[in-house]
């Protein structure tokens, strides 16, 4: 245990004042540690990693870690990431977004980034709610949930982020919860290695807000909920649709090959114009 | 090298200027009457190792431009009114995070979808105050194809020098007309680069004032790992709500440009020495005004013209001098009166400010300006 903590400390900004802004029991920190551990193992140089976020609780993640970090506007992290990757393909470009951030206000950018296939590793931390603004319903809030902006029950169905990413053309699509930390690290690692646009949906608990409408009162209860409501993709094949009702599939959902935009772009410059 | 003579469209001259200034990244979205800039960029950039990308909207376009600039590449985008409205969010981000970038707005008559193919000068105030919050901005307005070339080079230089977005506000006439111009050789023009850090990464303060008001800026990947945010931040780039850090930041953002107001008084003057009435104009209206002034002079009227090339920061000193020396000032504009409002604001003399406005998508012609000059001539 001692060594694990040490690895994380290597990547936290010593000049940044802590504590962080996340509530006690928040799932974002678990994801942050997992990401740091994978980056450490993968051997990327800190100088080559660019971490880009949008707005919301997840948007605050980059400021704590010692990479090139960029905290952009609400929903637009992928647009900045596109410019950075195309301008300097050597950089490892990673975006961290929330569910409202990536799928509501940034939905247009998300589908086009997936379709365009610029090599960006994107993580969507899905806590099913707008946490920072005080618990309003998001595009992934369950139907019927009573939130600050749906006091009589949410009238909209929830978006399946992974199916959206798949349909839009992402070459790597996966889902984990923060309860399944080992799986989470495996998926982060695979996503980082993937050429092209990859997306990992990270189901995380917001104890302060989504805990209320899910009627789960503690981080432990919420993580047990993650455990009990998820099914590995391999196991899902053996289950009937009735048994899968209301469950989340976790694991690698899509892994395919397609030429990436920035490689084609560089190829054009190199071959056609010999620059 | 012999200077090259060329017959160019305004939008084409803009691209020539951008590439000569070192622009190597363009992200945009099609929109009349700015689309040619995008199409020429798509054709030319790959030839010189640059990157062109068509994004899903104008918000994304400016986002990608800011990203590329953070990665160390000079970048630009071009649009028209509706797209310019969408870009306002990221113009504010670039001001706050101090990311150099150039935005061309080829104005159409608005509001909303307006008159997509007709000229207007309706975005003057939007260019100044379109994004939320107090922020500094530089806006240049060319009146000819050559000026569009020249001011595009200058826009890149200013944006690099001050680490601030610079907007080229162009009317559809200047963007679409063709003129024969002589392009200078690359050696003949001055190119500026953003200030780079000279200290080792451990000593680097990303938003510290090195004395010039403009912090030094490495590219992502250079080894200077730092944090960029649209939040108010301290000198290390980290978010802050401390009053003793918030106010100095916004004050510095303004003063880095305002300390150089003297250097940003760019204008052409014609017959102003003894003018009783002076026309203040910009863009294509200044062309009509010049013709009107020449004809008025032939009729013996003592009238002159000041053609503004910088709209923001407003050239208070230049305009104040005009107001002191003239009995009347005429401000013709293709809007309901946006620069004339500024002229009135800075007027501390007895000089009368007269307006001449057209908002029907048609040009203001020389005869219109001439007859107005005759009407108001003292």
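Protein chains in written order, with the numbering used here: chain A, 282 to 556; chain B, 197 to 574. By construction, the Cβ of each residue, glycine as well, lies at the ideal position given by its N, Cα and C atoms.
Give the list of continuous alpha helix (DSSP H) stretches no shorter than 4 residues that lie fully inside the stretch 303-350 of chain B. 320-325
Unbroken stretches of the alpha helix (DSSP H), 4 residues or longer, contained in the stretch 296-377 of chain A: 309-323, 358-368
Can you pull the DSSP bridge partners for residue 508 of chain B? Residue numbering aside, residue 508 of chain B sits at position 312 when the second chain is read from its first letter. Its beta-bridge partners are B/335.
Using a 10 Å radius around the Cβ and a threshold of 16 neighbouring Cβ atoms, would you call residue 478 of chain A buried or exposed? As a position in the first chain, residue 478 of chain A is number 197, starting the count at 1. So residue 478 of chain A counts as buried.
Stretch pair the stretch 402-414 of chain B + the stretch 380-389 of chain B: three plus CB contacts closer than 8 Å: no
Any residues in the stretch 350-366 of chain A with a beta carbon nearer than 9 Å to a beta carbon of chain B? Which ones, in chain order? 350, 351, 352, 353, 354, 355, 356, 357, 358, 359, 360, 361, 362, 363, 364, 365, 366
Between the C-alpha atoms of residue 473 of chain B and residue 269 of chain B, what's the straight-line distance to the nearest angstrom? The residue given as residue 473 of chain B occupies position 277 in the second chain. The residue given as residue 269 of chain B occupies position 73 in the second chain. Whole-angstrom Cα-Cα distance: 46 Å.
If you follow the alpha helix (DSSP H) that residue 257 of chain B is part of, which residue opens it and which one closes it? As a first step, residue 257 of chain B must be located in the second chain, where it is residue number 61. First-last of the alpha helix (DSSP H) with residue 257 of chain B: 254-266.
In chain B, which residues lie with their C-beta within 8 Å of the C-beta of residue 530 of chain A? Within the first chain, numbered from 1, the residue matching residue 530 of chain A stands at position 249. Simply none; closest approach about 28 Å.
Cα-Cα separation between residue 315 of chain A and residue 292 of chain A, rounded to whole angstroms: The residue you call residue 315 of chain A lines up with position 34 of the first chain. The residue you call residue 292 of chain A lines up with position 11 of the first chain. Their Cα atoms are separated by approximately 12 Å.
Is it right to say residue 354 of chain A is buried, meaning 16 or more other beta carbons lie within 10 angstroms of its own, or is it exposed? Position 73 of the first chain, counted from the first residue, corresponds to residue 354 of chain A. Residue 354 of chain A is buried by the Cβ-count criterion.
When the Cα atoms are used, what is the spatial distance from residue 529 of chain B to residue 252 of chain B? Working through the second chain from its first residue, we reach residue 529 of chain B at position 333. Working through the second chain from its first residue, we reach residue 252 of chain B at position 56. Distance between the alpha carbons of residue 529 of chain B and residue 252 of chain B is about 33 Å.
Give a yes or no on whether 8 Å exceeds the smallest Cβ distance from residue 300 of chain B to chain A. By 1-based counting over the second chain, the position of residue 300 of chain B is 104. Judged by the 8 Å Cβ criterion, residue 300 of chain B is not in contact with chain A.
Going by the CB atoms, is the gap between residue 331 of chain B and residue 291 of chain B shorter than 8 Å? Along the second chain, one-based indexing puts residue 291 of chain B at 95. Along the second chain, one-based indexing puts residue 331 of chain B at 135. Closer than 8 Å, so yes.
My guess is that residue 365 of chain B and residue 323 of chain B are in contact by the Cβ rule of under 8 Å, so how many angstroms apart are they, rounded? For the purposes of this step, residue 365 of chain B is taken as the residue at position 169 of the second chain. For the purposes of this step, residue 323 of chain B is taken as the residue at position 127 of the second chain. The pair is a contact, with the Cβ atoms about 5 Å apart (cut-off 8 Å).
Strictly under 8 Å for the Cβ-Cβ distance: is residue 494 of chain A near chain B by that measure? Stepping through the first chain from its first residue, residue 494 of chain A is reached at position 213. Chain B, which has no Cβ nearer than 8 Å to the Cβ of residue 494 of chain A, makes this no.
CB contact flag (residue 506 of chain B, residue 445 of chain B, <8 Å): Residue 506 of chain B sits at position 310 when you count from the first residue of the second chain. Residue 445 of chain B sits at position 249 when you count from the first residue of the second chain. It is not a contact, given that the beta carbons lie outside the stated cut-off.
When we look at the beta-carbon of residue 326 of chain B and count the other beta-carbons within 10 Å, is it buried (16 or more) or exposed? Here residue 326 of chain B refers to the residue found at position 130 when the second chain is read from its first residue. Buried, since its Cβ has 16 or more Cβ neighbours within 10 Å.
Neighbourhood of residue 514 of chain A by C-beta, 6 Å cutoff - its chain only, sequence neighbours within 5 removed: Sequence index remark: in the first chain, residue 514 of chain A carries index 233 (1-based). 530, 532.
Alpha carbon to alpha carbon, how far is residue 254 of chain B from residue 545 of chain B? Here residue 254 of chain B corresponds to residue number 58 of the second chain, with the count starting at 1. Here residue 545 of chain B corresponds to residue number 349 of the second chain, with the count starting at 1. Taking the straight line joining both Cα atoms gives about 43 Å.
The ligand ADP and residue 469 of chain A: does the residue's C-beta get closer than 7 Å to at least one heavy atom of that ligand? In the structure on display, the ligand ADP does not appear, and there are no ligands present to speak of.
Can you give me, in chain order, the residues of the stretch 247-263 of chain B that have a beta carbon less than 9 Å from any beta carbon in chain A? 247, 248, 249, 251, 252, 253, 255, 256, 257, 258, 259, 260, 261, 262, 263
Is residue 434 of chain B close to chain A? Criterion is C-beta to C-beta, closer than 8 Å. Along the second chain, one-based indexing puts residue 434 of chain B at 238. So yes, residue 434 of chain B belongs to the interface.
Using a Cβ-Cβ cut-off of less than 8 Å, give me the residues of the stretch 315-330 of chain A that come near chain B, in sequence order. 327, 328, 329
Rounded separation between residue 535 of chain B and residue 365 of chain A - CA only: Within the second chain, numbered from 1, the residue matching residue 535 of chain B stands at position 339. Within the first chain, numbered from 1, the residue matching residue 365 of chain A stands at position 84. Their Cα atoms are separated by approximately 37 Å.
Assuming residue 522 of chain A is part of the alpha helix (DSSP H), what are its boundary residues? Translated into the one-based positions of the first chain, residue 522 of chain A becomes position 241. Where residue 522 of chain A is concerned, the enclosing alpha helix (DSSP H) stretches over 522-525.
Whether or not the stretch 314-332 of chain A and the stretch 406-417 of chain A are in contact is what I'm after, with contact meaning three or more pairs of Cβ atoms, one per stretch, closer than 8 Å; do they touch? no
Need the endpoints of the beta strand (DSSP E) that residue 552 of chain A sits in, please. Sequence index remark: in the first chain, residue 552 of chain A carries index 271 (1-based). Run containing residue 552 of chain A: none in the beta strand (DSSP E); it sits in the alpha helix (DSSP H), 542-554.
Under the assumption that residue 442 of chain A contacts residue 421 of chain A (Cβ atoms under 8 Å), give the Cβ distance between them as a whole number of angstroms. Within the first chain, the letter at position 161 stands for residue 442 of chain A. Within the first chain, the letter at position 140 stands for residue 421 of chain A. Sure, about 7 Å apart at Cβ, within 8 Å.
Looking at chain B, is there any beta carbon in it that lies within less than 8 Å of the beta carbon of residue 347 of chain A? Start at 1 with the first residue of the first chain, and residue 347 of chain A comes out as number 66. It does: the Cβ of residue 347 of chain A has a partner Cβ on chain B nearer than 8 Å.
Taking the alpha carbon of residue 553 of chain A as the point to measure from, which residue in B/265, B/240, B/467 has its own alpha carbon closest? To locate residue 553 of chain A, count along the first chain from 1; it is residue 272. Among B/265, B/240, B/467, the Cα nearest to that of residue 553 of chain A is on B/240.
I believe residue 264 of chain B touches residue 368 of chain A by the beta-carbon criterion, under 8 Å. Please report the beta-carbon distance rounded to the nearest angstrom. Residue 264 of chain B sits at position 68 when you count from the first residue of the second chain. Residue 368 of chain A sits at position 87 when you count from the first residue of the first chain. At roughly 4 Å, the Cβ-Cβ gap stays under 8 Å, so residue 264 of chain B and residue 368 of chain A are in contact.
Have a look at the DSSP bridge pairing and note the partners of residue 280 of chain B. As a first step, residue 280 of chain B is located in the second chain; it is residue number 84 there, counting from the start. Bridge partners of residue 280 of chain B: none, in fact.
Assuming residue 552 of chain B and residue 568 of chain B make a contact with CB atoms under 8 Å, what is their CB distance in whole Å? Counting from one through the second chain, the residue named residue 552 of chain B turns up at place 356. Counting from one through the second chain, the residue named residue 568 of chain B turns up at place 372. Confirmed, Cβ separation roughly 5 Å.
Please name the residue, chosen from A/318, A/304, A/331, that lies closest to residue 464 of chain A on a Cα-to-Cα basis. If you number the first chain from 1, residue 464 of chain A lands on position 183. Closest option to residue 464 of chain A, Cα to Cα, is A/318.
Flag this pair as yes or no: are the beta carbons of residue 369 of chain B and residue 340 of chain B separated by less than 8 Å? Within the second chain, residue 369 of chain B is the residue found at index 173, counting from 1. Within the second chain, residue 340 of chain B is the residue found at index 144, counting from 1. Result no, Cβ atoms of residue 369 of chain B and residue 340 of chain B do not sit closer than 8 Å.
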